[in-house]
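Enquirer: Can you read through this structure? Questions will come right after.
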Amino acid sequence: MFIVDLAALLAVVTIIPECQSDGYSKLNYEVLLAYKCNGTEISDDERDSIVQAINDLRRRRYDCDLEELAKQKVSDCPMFRFPDPPSSHGMNIVAYIGTLNPLRSAFNGWHEQGEYVQIPITPDMIRTSKDFLNMVVGTSNGFGCYQSVCPDSDPASMFACVFQAPHRTTIDNDNNNHYYHYSEADNNHYYHYSEADNNYHY
Numbered sequence: 001m002f003i004v005d006l007a008a009l010l011a012v013v014t015i016i017p018e019c020q021s022d023g024y025s026k027l028n029y030e031v032l033l034a035y036k037c038n039g040t041e042i043s044d045d046e047r048d049s050i051v052q053a054i055n056d057l058r059r060r061r062y063d064c065d066l067e068e069l070a071k072q073k074v075s076d077c078p079m080f081r082f083p084d085p086p087s088s089h090g091m092n093i094v095a096y097i098g099t100l101n102p103l104r105s106a107f108n109g110w111h112e113q114g115e116y117v118q119i120p121i122t123p124d125m126i127r128t129s130k131d132f133l134n135m136v137v138g139t140s141n142g143f144g145c146y147q148s149v150c151p152d153s154d155p156a157s158m159f160a161c162v163f164q165a166p167h168r169t170t171i172d173n174d175n176n177n178h179y180y181h182y183s184e185a186d187n188n189h190y191y192h193y194s195e196a197d198n199n200y201h202y
C-alpha cells in the first residue's frame with residue numbers, strides 16, 4: 001500500500017522559509033534562505049528534508065513555534081521516560097542509541113505505519129499507527145521538529161515532531177469525526193470519510 005522511497009522523500013529541496021508565511025516545499029525556488037528558527041541541533045537542510053518527507057503525504061507548513069515545543073520535549077534527552085505531547089498538539093518522538101540517522105529512521109518507521117491504516121479508523125489502528133495519523137490528520141496544517149544529541153550516552157539522540165492538531169489517542173479526536181485516507185490511484189490525494197453519512201468526501 002505504502003511503498004516509500006526514502007532517498008526521494010528526504011532529498012533536500014528549497015522552500016519559502018518564513019515560518020509564519022508559506023513554509024511549503026517549493027521545488028523551483030532558486031535561493032535557499034534561512035528558516036529563522038533558533039534550533040542548534042537541526043539545520044535548515046534537515047528542515048528541508050523534513051518538509052519534503054511530510055509534504056509527500058499531506059501539504060503542511062513548517063512552524064518555528066512548534067519546533068520550539070519539540071525542542072522543549074527532547075532537549076534534556078528523556079530517553080527512558082518519554083514526555084507527554086504538548087497540550088492540544090500531536091507529537092511523534094523516537095530515541096536512538098547508536099549511529100543511526102534519527103531523522104531518516106524516524107520517518108521510515110512513521111511511513112511504514114501507514115501500511116496498517118484502513119477506513120474507517122479503529123482503536124487498534126490508533127494504537128499501532130498513531131505517528132502516521134499525526135502526520136496526515138486533516139485538522140493539522142503546521143508542524144515543527146527537533147533533534148537532540150544526548151551528551152552523556154554512547155552515540156544517542158532523540159527526534160520529535162510536534163503537530164498543530166491534537167494527539168491521536170481515540171477515534172473521535174476530530175470534532176467533525178472525519179478521517180483521512182491515502183490513495184495511490186488518485187494521484188496521492190486525500191479523501192476523508194464521514195461516519196455521519198457513511199460516505200467518502202473529497
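Residue 1 is where the sequence shown starts when you use the UniProt record's numbering, and the numbers rise one by one after that. Just so it is clear, CB atoms sit at the ideal spot from N, CA and C, and this is done for glycine as well. As the structure is a prediction and not an experimental result, all values here were calculated from the model.
#1: Please state whether the Cβ-Cβ distance between L69 and P83 is less than 8 Å.
#2: Count the other C-beta atoms from every protein chain shown that fall within 10 angstroms of the C-beta of R59, then say buried if there are 16 or more, exposed otherwise.
#3: Pull the bridge partners of V94 from the DSSP assignment, please.
#4: Which residue comes first and which comes last in the alpha helix (DSSP H) that contains Q113?
#5: Taking the C-alpha atoms as reference points, what is the distance between R47 and C145?
#6: Taking the DSSP output, what are the residues bridged to S148?
#7: Less than 8 Å between the beta carbons of Q164 and S157, yes or no?
#8: Of all the options Y96, W110, V149, C150, which has the alpha carbon lying nearest to the alpha carbon of I54?
#9: For L103 versus I50, is the C-beta distance shorter than 8 Å?
#10: For the alpha helix (DSSP H) containing R127, name the first residue and the last one.
#11: Per DSSP, what are the beta-bridge partners of F143 in this structure?
#12: Could you check the C-alpha separation between S129 and M91 for me, to the nearest Å?
#13: Going straight from the alpha carbon of C37 to that of V162, what length do you get?
Expert: On the basis of the data shown:
#1: no
#2: exposed
#3: F159
#4: If you look at Q113, you'll find it in the alpha helix (DSSP H) that goes 102 to 113.
#5: Roughly 8 Å separates the two Cα atoms.
#6: M158
#7: no
#8: The shortest Cα separation from I54 among Y96, W110, V149, C150 belongs to W110.
#9: yes
#10: Element bounds for R127: 123 to 136.
#11: Y62, F163
#12: 13 Å
#13: Between the alpha carbons of C37 and V162 lies a gap of roughly 15 Å.
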